[in-house]
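S.K.:
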Amino acid sequence: MIQCKDLRKNFDSHEVLKGISFDIPKGSIFGLLGPSGAGKTTLIKILMGQLAYDEGKVEIMDKNPEKLTGKDKKNFGIMMDNFGVYERFSCRDNLSVFADIYNVPKSRINGILDEVGLLDASKTQASDLSKGMRARLQLARTFMNSPEIIFLDEPTSGLDPQTMRGIHKIILEKKKNGATIFLTTHNMDEAYKLCDNIALLNEGKIVEAGTPKDICRRYDHQKKIKLHLQTGEDVEMERNGESADEISELLKSGKVETIHSTEPTLETVFLELTGRKLQEEE
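Per this note's numbering: the sequence shown = residues 3 to 284.
1) Is the beta carbon of Ile-22 sitting closer than 8 angstroms to the one on Ile-208?
2) Would you tell me roughly how many angstroms separate the C-alpha atoms of Leu-120 and Thr-260, rounded to the nearest one?
3) Rounded to whole angstroms, what's the CA-CA distance from Gly-36 to Arg-10? Just pull it up for me.
4) Compare the Cα-Cα distances from Leu-162 to each of Asn-12, Met-239, Leu-154, Ser-132 and report the closest residue.
5) What residue range does the beta strand (DSSP E) around Met-239 cover?
6) So what's Arg-10 in DSSP terms, helix, strand or just coil?
7) Would Gln-5 pass as a contact of Glu-61 if the rule is Cβ separation under 8 angstroms?
8) Please report the distance separating the alpha-carbon of Ile-288 from that of Val-106.
9) Rounded to whole angstroms, what is the Cα-Cα separation between Gln-52 and Gly-168?
10) Would you mind sorting Tyr-1 into buried or exposed? The rule is 16 or more other CB atoms within 10 Å of its CB.
11) Take Asp-80 as the anchor and find which of Phe-91, Ser-15, Glu-150 has the nearest alpha-carbon.
12) Would you list the residues sitting across from Lys-176 in a DSSP beta bridge?
13) Going by CA-CA distance only, name the one from Leu-97, Val-118, Ile-103, Gly-86 that's closest to Ile-111.
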């Protein structure tokens with residue numbers, strides 16, 4: 003559904019995207035991870051045809067994004083932080099406006115509000131919504147036209163864990179129904195839970211790509227197992243056949259409270275590759 007090959011973008015003398023390449027198959031979730039200023043939003047604007055690029059090849063639904071028609075763009079759903087809502091309108095009235103814009107039946111509004119958990123708040127003015135409810139309203143607007151491709155730019159930024167989990171559930175349901183989702187985030191846990199494939203972006207370059215699990219395994223240099231015992235003691239062993247008998251005996255004796263591998267997180271992989279954290283203070 004989306005393909006980039008050696009994509010480059012300059013702003014004056016500053017190269018923002020430096021040879022970006024990836025493929026996103028239909029019905030998958032692709033995550034672009036990187037700190038603020040890495041080039042994530044610029045890439046989304048190029049894919050949506052809002053911003054011209056300088057070099058490389060870009061295709062979305064087999065078309066150059068710069069040549070997408072209005073009809074093509076009706077297949078997109080877009081949630082970005084700078085795409086606000088009408089503060090004085092209710093949730094229902096906000097969606098009514100976008101139903102007119104997208105030329106979709108207003109009979110869809112109740113179903114979409116219900117889908118994002120806002121049906122009971124349909125008459126609530128947008129200015130009175132909590133941050134989590136506002137995010138759900140933005141998602142509802144994104145879904146108004148039943149998009150084939152959904153762009154989500156930091157959809158859960160600043161939200162509490164419970165609200166975040168609710169939004170994750172909605173996103174996964176969209177994938178289940180066949181949507182292709184392009185997600186930008188600096189939340190490593192979010193990417194690990196949601197994405198089929200990810201790319202780590204730093205200073206305009208993709209420094210690593212693949213499935214979240216494969217990337218973490220690739221940088222598992224220690225290859226150890228850590229056991230926390232009932233006594234409070236932590237035991238670290240090599241992850242090999244020689245440790246198997248000892249681990250088995252500890253498990254049989256009931257002395258083991260927890261056991262896990264030393265496999266790194268996406269955060270530690272990014273730190274190893276770039277010397278900086280994925281989630282930095284803005």
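All C-beta atoms, glycine included, are put in the ideal place defined by N, C-alpha and C.
M.R.: Once the coordinates are examined:
1) For this step, residue 22 is matched to residue 20 along the sequence shown. For this step, residue 208 is matched to residue 206 along the sequence shown. It is a contact, given that the beta carbons lie within the stated cut-off.
2) Locating residue 120 in the sequence shown gives position 118, counting from the first residue. Locating residue 260 in the sequence shown gives position 258, counting from the first residue. Roughly 40 angstroms separates the two Cα atoms.
3) Against the sequence shown, residue 36 aligns to sequence position 34. Against the sequence shown, residue 10 aligns to sequence position 8. Whole-angstrom Cα-Cα distance: 17 angstroms.
4) The sequence position of residue 162 within the sequence shown is 160, counting from 1. It should be noted that the sequence gives Asp, not Leu, for residue 162. That would be Ser-132, whose Cα lies nearest to the Cα of Asp-162.
5) The sequence position of residue 239 within the sequence shown is 237, counting from 1. Where Met-239 is concerned, the enclosing beta strand (DSSP E) stretches over 236-240.
6) If you number the sequence shown from 1, residue 10 lands on position 8. The answer is strand: DSSP assigns Arg-10 an E or B state.
7) Working through the sequence shown from its first residue, we reach residue 5 at position 3. Working through the sequence shown from its first residue, we reach residue 61 at position 59. It is a contact, given that the beta carbons lie within the stated cut-off.
8) Summary: the structure shown does not reach residue 288, with the chain confined to residues 3 through 284, and so no result is reported for it.
9) Counting from one through the sequence shown, the residue named residue 52 turns up at place 50. Counting from one through the sequence shown, the residue named residue 168 turns up at place 166. Gln-52 and Gly-168: Cα-Cα distance of roughly 30 angstroms.
10) The chain is shown from 3 up to 284; residue 1 falls before or after that span and cannot be answered.
11) Looking up residue 80 in the sequence shown gives position 78. The question names Asp, but residue 80 is Ile in the sequence shown. Of the listed residues, the one whose Cα sits closest to Ile-80 is Glu-150.
12) As a first step, residue 176 is located in the sequence shown; it is residue number 174 there, counting from the start. According to DSSP, Lys-176 bridges with nothing at all.
13) Here residue 111 refers to the residue found at position 109 when the sequence shown is read from its first residue. Ranking Leu-97, Val-118, Ile-103, Gly-86 by Cα distance to Ile-111 puts Leu-97 first.
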